[in-house]
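Undergrad: Taking this note's numbering, the leading residue of the sequence shown gets 1357, the next gets one more, and so forth.
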Amino acid sequence: MNKGQSTILLDERWKLEDFTILTKEYQQLYGFFHALRAIDEGKFSNLEFERMPWLGGGSVVGFFSIVGKFVSHEDQPVVKRIQYASPGYIELTLLTEVAKDIGIIVSALAGAITSAAGTYHVIYSQYQKRKLTQLKIKDLEAKQLRDEITFVKESVVDLHETFKLTPKQVKALHQLSKGDELVQLKMLLALYRRAKPVAELQVQNKANFKDA
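This is the structure:
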């Protein structure tokens, strides 16, 4: 991965909460896509989250916190220049490949914000209805719950497509989840919840990540 500059274009009137979204959610997306890149390049081993139970929402929060810590201090996004105007911009020094990955998922969601939300809500409602929060794929296999297994696998593919993930990212995500599709589904649902607020900034013309 290479260090360089990435520019996020700004426009419209911003609220303080918009800057909170940009910093908090962008940082979590950065940690996630950095992890996928690092796995693809063979730079991740003995990952701390391999021992995570993946039961309940606490595991998801813990996961994003942990992957963020795997980004070295030197590779963290740093604001190089900022101009708040209409239009304005934020210029960041960061890993440019990771910035492009974020730009792709944000633009994918922004370009289909309603259908993406529909896909998420259908999957998430079924995920809760089937009581999958406290389970892993091996639990479904042990109980021979074929309908649930099919639902999980199809939902994972639907979210891959919604997020415009590349084959390399899908492969890295498979490794990250230790081949457990239900754990991967939990990751993807959480990823949506972090990417959606950033995508909404683009929909509102407050920020543009397309060329970031």
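Just so you know, even glycine gets a beta-carbon here, dropped at the ideal spot from N, CA and C.
In this text, all values refer to a predicted model and were calculated from it rather than measured experimentally.
(1) What first and last residue would you give for the alpha helix (DSSP H) that runs through Q1525?
(2) Which word fits A1441, buried or exposed, when buried means at least 16 other C-beta atoms lie within 10 angstroms of its C-beta?
(3) Quick check on this structure: which residue in N1561, Q1361 and L1557 has the alpha carbon closest to the alpha carbon of K1456?
(4) What is the DSSP secondary structure of K1542, counted as helix, strand or coil?
(5) Where does T1506 fall in DSSP's three states?
(6) Tell me which residue opens and which closes the alpha helix (DSSP H) that A1445 is part of.
(7) Can you tell me which of the three DSSP states L1491 falls into?
(8) Does DSSP put L1501 in a helix, a strand or coil?
TA: Per the coordinate set shown:
(1) Residue mapping note: residue 1525 aligns to position 169 of the sequence shown, counting from 1. Note, Q1525: alpha helix (DSSP H), P1523 to L1532.
(2) In the sequence shown, the residue the question calls residue 1441 occupies position 85. Under this definition A1441 is an exposed residue.
(3) Mapped onto the sequence shown, residue 1456 falls at position 100. If we check each option's Cα against that of K1456, Q1361 comes out closest.
(4) Walking along the sequence shown from the start, residue 1542 turns up at place 186. Correct three-state label for K1542: helix.
(5) Position 150 of the sequence shown holds residue 1506. Of the three classes helix, strand and coil, the one that applies to T1506 here is helix, per DSSP.
(6) In the sequence shown, residue 1445 corresponds to position 89, counting from 1. Contrary to the premise, residue 1445 reads as Tyr rather than Ala in this sequence. Element bounds for Y1445: not the alpha helix (DSSP H) but the beta strand (DSSP E), G1444 to L1451.
(7) On the sequence shown, position 135 is the one that residue 1491 refers to. In the structure shown, L1491 sits in coil (DSSP, three-state: anything other than H, G, I, E or B).
(8) Within the sequence shown, residue 1501 is the residue found at index 145, counting from 1. Three-state result, L1501: coil.
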